[in-house]
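Enquirer:
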Amino acid sequence: MDVLSKFIGKIVELILTPILGLLFALALMYFVWGVTVFIAHADNPEERKKGERKMLWGIIGFFIMVSVIGILTAVTGTFGVSLPR
817 MDVLSKFIGK
827 IVELILTPIL
837 GLLFALALMY
847 FVWGVTVFIA
857 HADNPEERKK
867 GERKMLWGII
877 GFFIMVSVIG
887 ILTAVTGTFG
897 VSLPR
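Under this note's numbering, the residue at position 17 of the sequence shown is numbered 833, and the numbers go up by one with no gaps.
As structure tokens, then:
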């Protein structure tokens, strides 16, 4: 079981953690892009709607990433591997 724990720990540390960080950054940029569109086109209802949708999908992206981190914590805790902070 020790070999499996080390293997899972390395996968989480070297692959999943950087990917999650990148996805968090992309979700943040998408949300900020939506805010920018929403504010820049305050007089155009259709463009404001596009900005609202971008903000909504950015928030959904954040929610998914937090859920993935929770699932990873549960799985790694099952195998006795700690997540890098």
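Glycine is no exception: its CB is placed at the ideal position from the N, C-alpha and C atoms.
For the alpha helix (DSSP H) that F854 lies in, which residues bound it at each end?
Expert: T833 to A856
Enquirer: Just checking my contact of K866 with Y846 at CB under 8 angstroms: how many whole Å lie between their CB atoms?
Expert: That belief does not hold up - the Cβ atoms of K866 and Y846 are roughly 12 angstroms apart, past 8 angstroms.
Enquirer: Can you tell me whether DSSP reads D859 as helix, strand or coil?
Expert: Coil, per DSSP.
Enquirer: Of the choices G877, K826 and I885, whose alpha-carbon is the least far from that of V848?
Expert: G877
Enquirer: Where do the N-terminal and C-terminal ends of the alpha helix (DSSP H) with V819 fall, by residue?
Expert: D818 to I827
Enquirer: Quick one: grab the DSSP three-state call for F907.
Expert: No answer is possible for residue 907: the residues shown for the chain start at 817 and end at 901.
Enquirer: Near D818, which residues of its chain fall below 8 angstroms by C-beta distance, leaving aside the five closest residues on each side in sequence?
Expert: none
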